[in-house]
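K.L.:
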Amino acid sequence: AVDTSSNLKTPDIAHVTTFVNILLSSILEFTPQSLIQLVVLQNAKSYVETPFSQNINELLKVFTTDRITQKGCISVASLLKLLDQYKEDQLSCIFLNFSGITFDNEDIIALANKLQEKKVVFNSISVSTDIFLLKTLSDQLFGTHVTYPTLQDLISDRALFRTLSCQASLSKPTQKLPISLGIRIRKPKICNCCGKLRECVECQFCGALNCQYQKCCLCEKLLTNFQIVKKSQISSRGSGFHFVEVKSELCKCGQESVCQCKK
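Per our numbering, residue 11 is the first one in the sequence shown, and the count goes up by one each step.
#1: Note down, one range per segment and in chain order, each beta strand (DSSP E) of at least 3 residues found wholly within the segment 37 to 77.
#2: Whole angstroms is fine: what's the gap from L90's alpha carbon to I119's?
#3: Can you check which of these residues, R196, N115 and D140, is closest to T107 by C-alpha distance?
#4: Are there 16 or more other CB atoms within 10 angstroms of the CB of Q43, so buried, or fewer, so exposed?
#5: Locate the alpha helix (DSSP H) running through N107, then write down its first and last residues.
#6: Identify every residue that forms a DSSP beta bridge with F142.
#7: Looking only at C-alpha atoms, which of S166, S175, L161 and D167 sits nearest to H25?
#8: Taking only three categories from DSSP, how would you classify C176?
#9: From S138 to R208, what distance separates their C-alpha atoms?
#10: Examine the Cβ distances between the segment 142 to 156 and the segment 189 to 204 and report whether three or more of them are shorter than 8 Å.
#11: For K55, which of D117, L232, K81 and T75 has the nearest alpha-carbon?
#12: Is the distance from the Cβ of L143 to the Cβ of F132 below 9 Å?
#13: Closest by CA to D114, which one among L70, A87 and K145?
#14: What would DSSP say about P183, mapped onto helix, strand or coil?
#15: Would you identify the three-state DSSP class for P21, choosing helix, strand or coil?
#16: For F29, count the other beta carbons within 10 Å of its own beta carbon; 16 or more makes it buried, fewer makes it exposed. Which is it?
#17: Do F73 and T27 count as a contact pair if the criterion is CB distance below 9 Å?
#18: Tell me the residue span of the beta strand (DSSP E) that contains L228.
#19: Can you tell me whether DSSP reads T28 as helix, strand or coil?
#20: Please classify G153 as buried or exposed, where buried requires at least 16 other C-beta atoms within 10 Å of its C-beta.
#21: Tell me the rounded alpha-carbon separation between Y57 and S85.
#22: Taking buried to mean at least 16 other C-beta atoms within 10 Å of its own C-beta, is Q52 buried or exposed?
#23: From N220 to S175, what distance separates their C-alpha atoms?
#24: With H, G and I counted as helix, E and B as strand and the rest as coil, what does DSSP make of L34?
#25: When the distance is taken between beta carbons, is S36 closer than 9 Å to F215?
#26: What residue range does the alpha helix (DSSP H) around C151 cover?
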């Protein structure tokens with residue numbers, strides 16, 4: 011869902027198109043079975059612009075064929091009401107916001123409670139301004155809320171695309187997932203689960219940085235430094251697999267990794 015109110019400036023539409031293109035490509039890479047629909051918010055209403063589709067070019071035509079005229083204000087309540095009308099399971103929404111205020115005449119808390127019962131995931135991204143309500147909704151509805159000073163800053167944060175794609179790949183927001191390979195990063199970084207500068211364990215599924223080998227703070231996979239490797243089938247007796255400990259090394263590009271890159 012995209013805020014196309016008068017707060018979206020015409021020069022920014024090209025950047026919005028770039029953001030949507032990268033995000034949708036990332037989601038479909040993680041979950042090829044995903045179906046995506048584009049919704050725009052303006053004039054205190056939410057409008058469905060496209061049917062559910064996997065065709066990114068068709069989804070982007072909303073922005074590339076001058077179908078969007080920015081006008082009016084946004085109503086977050088109208089978006090929540092629209093989400094409540096869907097009958098699909100595993101529904102996830104990503105809302106890109108440019109407004110500092112929402113004009114609502116509905117009980118947003120009641121709407122959020124209904125979506126919470128349906129396990130709807132709500133992520134929100136605010137650019138240059140923010141609405142505190144969006145963080146409250148994202149926290150309640152299993153999602154993420156982030157803010158950026160400019161669209162260029164948003165587009166350059168590839169970790170966010172990985173995070174949102176990972177969340178979209180979860181079959182249920184409360185589902186407990188299996189193991190993921192965790193690589194210890196010895197160069198101190200800001201940990202995603204405690205916020206401190208320290209050595210971290212990077213989840214290879216979603217990219218989140220964790221304090222130690224534990225349940226990942228983002229995707230909830232159990233982090234391990236062992237990988238299951240298939241044995242050569244010399245004999246039909248015994249297990250065909252064994253566990254191999256994976257250790258990181260300093261790559262020639264300067265980053266810690268499990269292998270050398272091609273730079």
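Cβ atoms here follow ideal geometry from the backbone N, Cα and C, with glycine treated the same way. All figures in this text were calculated on a predicted structure; none of them were measured in a lab.
P.N.:
Quick look at the numbers:
#1: 49 to 52 and 55 to 58
#2: 10 Å
#3: According to the sequence shown, residue 107 is Asn rather than Thr. The shortest C-alpha separation from N107 is found at D140.
#4: exposed
#5: Premise fails: N107 lies in the beta strand (DSSP E), S102 to N107, not in any alpha helix (DSSP H).
#6: According to DSSP, F142 bridges with nothing at all.
#7: L161
#8: helix
#9: 30 Å
#10: no
#11: K81
#12: no
#13: A87
#14: A caution first: P183 carries a pLDDT of 48, below 50, which makes its placement in the model unreliable, though a value can still be read off. Note: P183 maps to coil in three-state DSSP.
#15: helix
#16: buried
#17: yes
#18: Looking at the DSSP string, L228 is not in any beta strand (DSSP E), and its letter there is neither H nor E.
#19: helix
#20: buried
#21: 11 Å
#22: buried
#23: 19 Å
#24: helix
#25: no
#26: Correcting the residue type first, residue 151 is Leu in the shown sequence and not Cys. Here L151 belongs to no alpha helix (DSSP H), and DSSP marks it neither H nor E.
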